[in-house]
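Each number in the working numbering corresponds to the 1-based position in the sequence shown with 51 added. Heads up, the beta-carbon is just placed ideally off N, CA and C, and yes, glycines get one too. Note that the structure is predicted; figures quoted are calculated from it, not measured.
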Amino acid sequence: MLEPAVRPSPGLAARCTRAVLSPWARLVLLVVVLAAAGSAVLVLQPQRLLADGWPPQVGGAGAVVLFAVAYGLCTAAFVPRPILNLAAGALFTTWAGFASSLVGTVLGAGISFGLGRVLGQDALRPLLRGRWLKAADGQLSRHGFRSMMVIRLFPGVPFAGANYCAAVSRMGWAPFLLATGLGSVPNTLAYVVAGSSASSPTSPAFLIAMAFIVLSGAAAAAVAWRKRHGLRRR
52 MLEPAVRPSP
62 GLAARCTRAV
72 LSPWARLVLL
82 VVVLAAAGSA
92 VLVLQPQRLL
102 ADGWPPQVGG
112 AGAVVLFAVA
122 YGLCTAAFVP
132 RPILNLAAGA
142 LFTTWAGFAS
152 SLVGTVLGAG
162 ISFGLGRVLG
172 QDALRPLLRG
182 RWLKAADGQL
192 SRHGFRSMMV
202 IRLFPGVPFA
212 GANYCAAVSR
222 MGWAPFLLAT
232 GLGSVPNTLA
242 YVVAGSSASS
252 PTSPAFLIAM
262 AFIVLSGAAA
272 AAVAWRKRHG
282 LRRR
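#1: Between which residues of its own chain and Thr156 is the CB-CB distance below 6 Å, once the five residues before and five after are set aside?
#2: Using the Cα positions of Ile259 and Leu81, report the straight-line distance between them to the nearest angstrom.
#3: Quick one: any contact between the segment 237-252 and the segment 209-219, if contact means 3 or more CB pairs under 8 Å?
#4: Just the C-alpha distance for Asp173 and Trp224, rounded to the nearest angstrom, thanks.
#5: Would DSSP call Met261 helix, strand or coil?
#6: With a threshold of 8 Å on Cβ separation, who are the neighbours of Val265 within its own chain once the five nearest residues in sequence on each side are excluded?
#7: In whole angstroms, what is the alpha-carbon distance linking Gly148 and Ala270?
#8: On the criterion of 16 or more Cβ atoms from any shown chain inside 10 Å, does Thr126 qualify as buried, or is it exposed?
#9: Thinking C-beta only, is Leu124 closer than 9 Å to Gly159?
#10: Taking 9 Å as the cut-off, decide whether the C-beta atoms of Ser198 and Ala230 are in contact.
Below is the structure:
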């Protein structure tokens, strides 16, 4: 009678590969990457662009493209978008600053979403057990485009935080990026206009931009209040 073949035990390299690629190892890597990015932001202080301006050796279309790339990297590292939008308006013309900011917004959202999806989703999805967490996950997973449009149109939810939360859900790439691009247009343009006209605080452009920012913030607070009370009644 033939004895069953004994499977060879996996080698050290295979075990190390599985450990490195495990969900929790990838989550730790995500935390390390975000901590490093946050530290870089504290050292480089991108908000100094508002006071110091753009380096004089970089100008023209190259400066607009470079700003968009830097914008995307900064937002993935939790730099607030309003600061960057104001800087874009102060550094460039209104429409160049708006285009650079909007491209940077989508780029930064894509970076954050990709990092969260590849490094954090497998480890974090089993932890979505609370009522509010399950409700948010279900909303993002089933109605991704609509939910992200609302988040982008009404300020209040931290940009990078929304990106990483969406990455943990089952939302697809296309609705996430499309809703981010479309939903970010009004608020981005308002801040860029405010930044470009800040030297004339009594100008109609500045007053209209500031009025839109205040009203959209108030609307976001009202929507959040209604949603919170709606969840409590469930």
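Inspection of the coordinates gives the following:
#1: Ser235
#2: 40 Å
#3: no
#4: Taking the straight line from one Cα to the other gives about 17 Å.
#5: Of the three classes helix, strand and coil, the one that applies to Met261 here is helix, per DSSP.
#6: none
#7: 26 Å
#8: Buried, by the Cβ-count rule.
#9: yes
#10: Going by C-beta atoms, Ser198 is nearer than 9 Å to Ala230.
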